[in-house]
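**Q** In terms of this note's numbering, the sequence shown opens at residue 874 and continues consecutively.
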Amino acid sequence: MKDRLERIVILTGAGISAESGVATFRGPGGLWEGHRVEDVATPEAFRHDPALVQRFYDLRRAALGTVAPNPAHMALARLDAEWPGELLLVTQNVDDLHERAGSRRLLHMHGALKSAWCLACDGRFPHAGPLAGWPPCPGCGARGRLRPDIVWFGEMPYHMPRIHDALLMADLFVSIGTSGNVYPAAGFVDIARESGARTLELNLDPSMTSDRFAESRLGPAGSLVPEFVEDLLRRR
Ligand code: OAD
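#1: So, does the region 1048 to 1061 touch the region 883 to 896, judging by three or more C-beta pairs under 8 Å?
#2: Measure the alpha-carbon distance for Thr-897 versus Leu-1075 and round it to whole angstroms.
#3: Is it true that the CB of Asp-1044 sits closer than 8 Å to the CB of Arg-819?
#4: Can we say the region 971 to 988 touches the region 1019 to 1037, given the rule of at least three CB pairs closer than 8 Å?
#5: If you measure from the CB of Ala-974, is any heavy atom of the ligand OAD nearer than 7 Å?
#6: According to DSSP, simplified to helix, strand and coil, what is Glu-1074?
#7: Starting from the N-terminal side, write out each stretch of the alpha helix (DSSP H) that is 4 residues or longer and does not extend beyond the region 1012 to 1049.
#8: For Pro-957, count neighbouring Cβ atoms within 10 angstroms of its own Cβ and tell me buried if that reaches 16, exposed if not.
#9: Would Arg-1108 be called buried (16 or more neighbouring beta carbons within 10 Å of its own) or exposed?
#10: As a quick exercise: from Thr-939, Gly-938 and Ala-918, pick the residue whose alpha carbon is nearest that of Phe-929.
#11: Is it the case that the CB of Glu-1067 approaches a heavy atom of the ligand OAD more closely than 7 Å?
#12: Evaluate Phe-1026 with the Cβ neighbour count: other Cβ atoms within 10 Å of its Cβ, from every protein chain shown; 16 or more gives buried, anything less gives exposed.
#13: I think Pro-999 touches Lys-987, with their Cβ atoms under 8 Å apart; what is that distance to the nearest whole Å?
#14: For the region 939 to 969, list the alpha helix (DSSP H) runs that are entirely contained and at least 4 residues long, ordered along the chain.
#15: Could you please give me the residues that DSSP links to Leu-980 through a beta bridge?
#16: Quick one: Cα of Arg-1090 to Cα of Val-1062, how far?
#17: Considering only heavy atoms of the ligand OAD, does any lie closer than 7 Å to the CB of Thr-897?
#18: Going by the CB atoms, is the gap between Val-926 and Ser-893 shorter than 8 Å?
#19: Can you tell which of Pro-1099, Asp-1078 and Val-1024 has its C-alpha closest to the C-alpha of Gly-1092?
#20: Please check the pair Leu-1106 and Glu-879, which I expect to be a contact at CB under 8 Å, by giving their CB distance rounded to whole angstroms.
#21: Using a Cβ-based criterion (distance less than 7 Å to any ligand heavy atom), does Pro-1093 qualify as near the ligand OAD?
#22: Could you check whether the Cβ of Phe-919 sits closer than 7 Å to any heavy atom belonging to the ligand OAD?
#23: Distance check for Val-913 and Ser-976, CA to CA, integer angstroms please.
#24: For Asn-966, count neighbouring C-beta atoms within 10 Å of its own C-beta (all shown protein chains included) and say buried if the count is 16 or more, exposed if not.
#25: Given a cut-off of 8 Å on the beta-carbon distance, is the pair Gly-1006 and Cys-991 in contact?
Below, the structure written as structure tokens:
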């Protein structure tokens, strides 16, 4: 295992936003419960019933206005501001709570609710309102071609080469609030561990990948993450 502690990669999932009131995907009250994944989160679903898919994401986008970053998001933003070494925060979440907390060194590997992708010109644009009314593309003006800029099942997550490079170089990999069900994110721990990084999981319950981490701490992110950040900055 590497002795130095300079380069950190942090992966977050739905669990980090749970205490902000954003529903997680799996488990009681999970978002997929009311909808079959294939009905709302696949390219086939969008071809088959675009209005349903647009409404589903319009509701989730609108709901962002009712939630706020919690102490876990704030602690990671503090780490971003104060950590002098390399840091990369990779989120599977499509909410905007990390950026609203102030995180800058951030990649959204599954896309973002507040972004729209034009299938006519291939441009991606900040977008805050609904898409169900098929607004024109702000880039090329095409109508009826803007889709949510979300990575659906069967599509390639974003930024993979950059994330892979960061994992290979990482001294510490931390996974927060993710169930470890969805690849490639669920495999990040293996890449980091095989490259000699320390690995730490912070999650409410044991995840599918807990046994692949050197250390697992169980509890709510709103308490565990601020403690972890405080400790890391003190030992810096
Ligand atoms: P999941 O809903 O699968 O898992 C959420 C995890 O967070 C679970 O392991 C919970 O135990 C944990 N959790 C819940 N509340 C928590 C809290 N307060 N503090 C800490 N942990 C808590 O969500 P993800 O793992 O993020 O992909 O799901 C991964 C991907 O599956 C999503 O990005 C999405 C979905 O399909 C796409 O949309 C492509």
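Glycine included, C-beta positions come from ideal geometry on N, C-alpha and C.
**A** Put simply:
#1: yes
#2: 16 Å
#3: With the chain covering 874 to 1109 only, the question about residue 819 has no answer from this structure.
#4: yes
#5: no
#6: strand
#7: 1033 to 1042
#8: exposed
#9: exposed
#10: Ala-918
#11: no
#12: exposed
#13: 6 Å
#14: 944 to 955
#15: Val-963
#16: 15 Å
#17: yes
#18: no
#19: Asp-1078
#20: In fact, because the Cβ distance is near 14 Å, the residues do not count as touching under 8 Å.
#21: yes
#22: no
#23: 29 Å
#24: buried
#25: no
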